[in-house]
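Below you'll find the structure, written out as structure tokens, and then a few comments.
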Amino acid sequence: RGHYQKTILPKPEVLSTVPRRYGLYGAGREQFESALDAIEKPDAILLTSHMTYWYPGVKMAAEVLRERFPVTPLILGGIYATLLPEHARQTIRPDYLIAGYGEKKVLILLDSLFGISRDNSHLPEFDESGELPWHFYSKLESVAVLTSRGCPYRCSYCASRLLNPRFIQRKPDDVIFEIVNTHYRYNIRDFAFYDDALFTNRDRHIVLILKGVIDHGVRARFHTPNGLFAREINPELAELMKEVGFETIRLSLESVAPEIQHASSNKVNNDVFIQTMSVLENAGFPRNRIEVYLIAGLPEETLEQVIDSVRFVADQGAISRLAFFTPIPGTVEWEKARRKGLVSDDTDPLLTNNSVFPFYTEPNRAEEFKRLIRFTNETNERTRQQTHLQLEELDDGSN
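Residue numbers (my numbering): 28 to 426.
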């Protein structure tokens with residue numbers, strides 16, 4: 028994770044009652060314009076987008092680009108453009124909008140715009156070779172790796188299936204080449220896997236990748252900011268994770284409540300989670316270095332269910348990380364929220380930000396969630412202290 032410049036901005040009217048500051052992370056307008064001064068007029072502008080509730084940043088970027096290059100075709104793609112295409116068309120007003128995988132689509136579009144005639148039918152939807160242009164970065168300290176797109180599961184709150192209708196895994200040899208080449212060519216020692224389902228098809232995918240990385244002598248730290256499926260972690264995989272240098276481990280539990288586990292495609296249950304914690308500990312991972320995602324704020328979830336989940340994680344010696352619910356159009360949980368009157372087709376995406384929605388859509392729950400955060404932080408601190416005391420006792424016993 029980076030530490031980005033933050034500029035406080037006036038709050039949009041729709042957020043006027045939200046008692047939080049509103050700001051822009053990253054380069055401001057002046058910095059963006061200054062960077063544009065250094066480039067020649069482009070033939071086309073490809074503008075991406077990320078979270079739907081971050082659309083104001085996309086809008087500002089488009090406005091600056093329009094002012095600077097008024098006749099250059101502007102092509103919008105990305106997550107926001109895929110999930111909310113009509114909102115994006117009306118708000119950003121791109122010349123062209125590409126939903127879904129854009130690599131092949133944008134190539135075909137550019138060919139048509141510039142009168143280039145060639146057969147693109149043989150091209151894959153996206154390039155999985157791992158040859159990424161990292162040399163464009165003047166300072167590169169870490170690299171993100173994507174070994175697959177999509178997820179085989181259909182969790183009720185997740186948009187992965189909307190963004191990636193098919194689950195596609197890259198060839199292990201291509202991933203090995205990417206990691207090994209990047210490590211040695213750029214001296215990169217931190218790699219973050221951003222897959223939604225990194226451990227799916229474990230023995231045919233991640234096990235082969237990790238063995239290949241080890242065989243090439245790579246010495247690095249590996250991080251998994253997205254939740255790992257505990258069910259897939261067996262002793263062999265856990266030992267490979269330890270040997271290759273996994274540093275950040277985050278497991279997906281979501282909840283100890285059976286109904287929420289069912290809504291999460293039954294990826295894990297409490298017994299499987301307990302077993303996985305033991306497997307990881309036996310491989311050499313301290314329990315208090317393992318973080319566990321718990322979802323909070325689902326339309327039909329109770330505060331007590333989240334508290335029970337935090338206590339369960341603490342009983343296993345791990346650290347809870349609350350993931351507050353964001354309603355995403357097209358998901359089952361969006362429909363539940365709509366039936367409760369929490370969202371509608373006209374809801375401004377700004378209000379679905381997970382730093383806003385769980386707290387202020389239902390004002391009576393705001394204090395509950397604040398207490399929940401305090402409870403989770405205090406529980407995590409006790410877990411860390413307990414583990415520290417246990418380690419001290421072990422040290423005393425060995426002298």
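Note that the Cβ used here is the ideal one computed from N, Cα and C, for glycine as well.
Rounded to whole angstroms, the Cβ separation of R248 and E274 is 4 Å, and the two are in contact under 8 Å.
The continuous stretches of alpha helix (DSSP H) do not include D223, and DSSP gives it neither H nor E. Looking only at R197, Q288 and C185, the smallest Cα-Cα distance to E158 is reached by R197.
Here V172 carries a strand assignment [DSSP, helix/strand/coil]. In this chain, E94 is not harboured by any beta strand (DSSP E); it is covered by the alpha helix (DSSP H) spanning Y82 to R95. Rounded to whole angstroms, the separation of the alpha carbons of G55 and R48 is 17 Å. Following the DSSP letters along the chain, one finds H243 in no beta strand (DSSP E), marked with neither H nor E.
Membership of I125 in any alpha helix (DSSP H) is not indicated, and neither H nor E is assigned to it by DSSP.
Around the beta carbon of A171, fewer than 16 other beta carbons sit within 10 angstroms, so the residue counts as exposed. Taking the C-beta atoms as reference points, P326 is found nearer than 8 Å to A364. For A290, the enclosing alpha helix (DSSP H) has its first and last residue at P285 to A290. DSSP places H149 outside both helix and strand once states are collapsed to three, so it counts as coil. Distance from C178 to D223 at the Cβ level is roughly 4 Å; contact confirmed, criterion being Cβ atoms closer than 8 Å. CA-to-CA, the gap between T44 and A393 works out to about 13 Å.
I260 and V306 do touch by the CB rule: their CB atoms are close to 6 Å apart, below 8 Å. With 16 or more other Cβ atoms inside 10 Å of its own Cβ, P354 counts as buried.
Around the C-beta of I66, fewer than 16 other C-beta atoms lie within 10 Å, and the residue is accordingly described as exposed. By the neighbour-count criterion, in which 16 or more other beta carbons inside 10 Å mark a residue as buried, P385 falls on the buried side.
Annotation for L140: A71 and P100 place their beta carbon closer than 8 Å to its own, counting only its chain and skipping 5 residues before and after. Judged by their CB atoms, T79 and G104 are not nearer to each other than the 8 Å cut-off. Here DSSP, grouped into helix, strand and coil, assigns T329 to coil. Secondary structure note for R188: it is in no beta strand (DSSP E), and the uninterrupted alpha helix (DSSP H) holding it is S187 to L190. Residue T406 holds the alpha-carbon nearest to the alpha-carbon of F339 among S371, P356 and T406. T174 sits close to I236, with the two beta carbons spaced by under 8 Å. Residues I203 of the same chain have their beta carbon placed closer than 6 Å to that of G239, with the five preceding and five following residues left out of the count. The residue among Q412, F402, F300 and I119 with its C-alpha nearest the C-alpha of V283 is F300. Here Q412 carries a helix assignment [DSSP, helix/strand/coil]. Straight through space, the alpha carbons of T410 and L110 are spaced by roughly 39 Å.
Taking each of P199, P390, Q332 and Y213 in turn and checking the Cα distance to H232, the smallest one comes out for P199.
Per DSSP, the continuous beta strand (DSSP E) segment holding S279 begins and ends at F273 to E281. By the CB criterion at 8 Å, L255 and L225 fall inside the cutoff. Residue burial is scored here from C-beta neighbours: H162 has fewer than 16 other C-beta atoms within 10 angstroms and is therefore classed as exposed. Contact between the region 178-191 and the region 208-220 is absent, with fewer than three C-beta pairs closer than 8 Å. In this structure, K86 sits near I119, with a CB-CB distance shorter than 8 Å.
Less than 8 Å separates the beta-carbon of L349 from that of T403. A straight line joining the alpha-carbon of R95 with that of D122 spans about 15 Å.
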